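Peer 1: Numbering (this note's numbering), first residue to last: 51 to 305. Heads up, the beta-carbon is just placed ideally off N, CA and C, and yes, glycines get one too. Bear in mind that the values here come from a model prediction, so they are computed numbers and not experimental data.
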Amino acid sequence: MRYFGVAKTLFILQEHFYWPHMKKDVERICGRCVTSRQAKSRVQPNGLYTPLPISNEPWIDISMDFVLGLPMTKCGRDSIFVVVDRFSNMTHFIPCHKTDDASHVADLFFREIVRLHGMPRTIVSDRDAKFLSYFWKTLWLNRTLSTLLRVIIKKNIKTWEKYLPHVEFAYNISVHSATKFSPFEIVYGFNPLTPLDLSPLPLSEHVNLDGKTKAELVKQIHEKARLNIERRTEQYAKHANKRRHKLIFEPGDWV
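(1) Buried or exposed: Glu273, going by 16 or more other Cβ atoms within 10 Å of its Cβ?
(2) Taking the beta carbon of Trp304 as the centre, do at least 16 other beta carbons fall within 10 Å, making it buried, or is it exposed?
(3) Looking only at its own chain, which residues have a Cβ that is under 6 Å from the Cβ of Ser105, when we skip the five neighbours before and after it?
(4) If you run the structure through DSSP and keep just helix, strand and coil, what is His226?
(5) Does the distance from the C-beta atom of Val237 to that of Pro103 stay below 8 Å?
(6) Reducing DSSP to helix, strand and coil, say where Met122 ends up.
(7) Using DSSP bridges, identify the partner residues of Lys114.
(8) Do Phe143 and Ile163 have their C-beta atoms closer together than 8 Å?
(9) Between the Cα of Pro245 and the Cα atoms of Ile223, Met72 and Leu277, which residue gives the shortest distance?
(10) Quick one: what does DSSP say Ile207 is sitting in, helix, strand or coil?
(11) In this structure, how does DSSP classify Pro374 when only helix, strand and coil are distinguished?
(12) Tell me which residue opens and which closes the alpha helix (DSSP H) that Ile236 is part of.
(13) Find the nearest neighbour of Phe116 within the set His147, Thr123, Met140 and Cys125, judged by alpha-carbon distance.
(14) Would you decide whether Ala265 is buried or exposed? Buried here means 16 or more other CB atoms lie within 10 Å of its CB.
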């Protein structure tokens, strides 16, 4: 859990527990995680940060990426197909092979994404040439996910595949800094039960909401999430562009 950082770890713990100096304890434990610090990227990007348009609802606009060249598992998989909903930030980690062609990846996409969420209107991905020639065009890379995956894989060299569902679940129930909601809550209107909920506790009031009230609740969550994303995007763009310079390309330039 500490791999998610102080804010996400603290939020999850506060939903179920309380003890004095909780925040200080979480900060201390997360600060000791050398693996997470080593996994974080130190690459300085070039050019101005240009945010993508903000979606209005979940799983309409998505982003995709591949994590390639991982240690081969017992099932022979050495890569991860990462699919992210750009509105809720809900994410799916799909084990695959580096040698999978566009047709096979498309099958994975329909089997693991379309069957759950339907077809998106836009798909952003450009890391792999197989998409340029088949379905999709550009890339959006979430560094938090990349860092998290590197941490998990480093500690589970040959068995990382079996931990992916746990990583995915943990990420999707964690509050995102941009939306102020967990991806799960934005998509479904509530947070799921976790192993921490096995002790007998009063049910959430959301369980007894009628259909109309539930629909209104989900709509309010979407509106708040969008406003939070807009605010966070503006803040990030302003901060990110302080040390960047606008790049102007001319015909014939190498990029």
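Peer 2: Let's see:
(1) For the purposes of this step, residue 273 is taken as the residue at position 223 of the sequence shown. By the neighbour-count rule (16 or more Cβ atoms within 10 Å), Glu273 is not buried but exposed.
(2) As a working note, residue 304 is residue 254 in the sequence shown. Classification of Trp304: exposed, given that the 10 Å Cβ count is below 16.
(3) Indexing the sequence shown from 1 puts residue 105 at position 55. Excluding residues within five positions, the ones whose Cβ falls inside 6 Å are Asp111, Arg136 and Phe137.
(4) What you label residue 226 is simply residue 176 of the sequence shown in a count that begins at 1. Reduced to three states, the DSSP call for His226 is coil.
(5) Numbered from its first residue, the sequence shown carries residue 237 at position 187. Numbered from its first residue, the sequence shown carries residue 103 at position 53. No.
(6) As a first step, residue 122 must be located in the sequence shown, where it is residue number 72. It is coil, neither helix nor strand.
(7) Within the sequence shown, the letter at position 64 stands for residue 114. In the sequence under discussion, the amino acid at residue 114 is Met, which differs from the Lys named in the question. DSSP, once it has assigned bridges, lists Val133 as partnering Met114.
(8) Working through the sequence shown from its first residue, we reach residue 143 at position 93. Working through the sequence shown from its first residue, we reach residue 163 at position 113. Cβ atoms of Phe143 and Ile163: not closer than 8 Å.
(9) As a first step, residue 245 is located in the sequence shown; it is residue number 195 there, counting from the start. Nearest C-alpha to Pro245: Ile223.
(10) The sequence position of residue 207 within the sequence shown is 157, counting from 1. Coil.
(11) Outside the displayed range of the chain (51 to 305) lies residue 374, so it cannot be described from this structure.
(12) Looking up residue 236 in the sequence shown gives position 186. Per DSSP, Ile236 belongs to the alpha helix (DSSP H) from Pro233 to Tyr238.
(13) Against the sequence shown, residue 116 aligns to sequence position 66. Selected option, being the one with the closest Cα: His147.
(14) Here residue 265 corresponds to residue number 215 of the sequence shown, with the count starting at 1. Counting Cβ neighbours within 10 Å, Ala265 comes out exposed, since fewer than 16 surround it.
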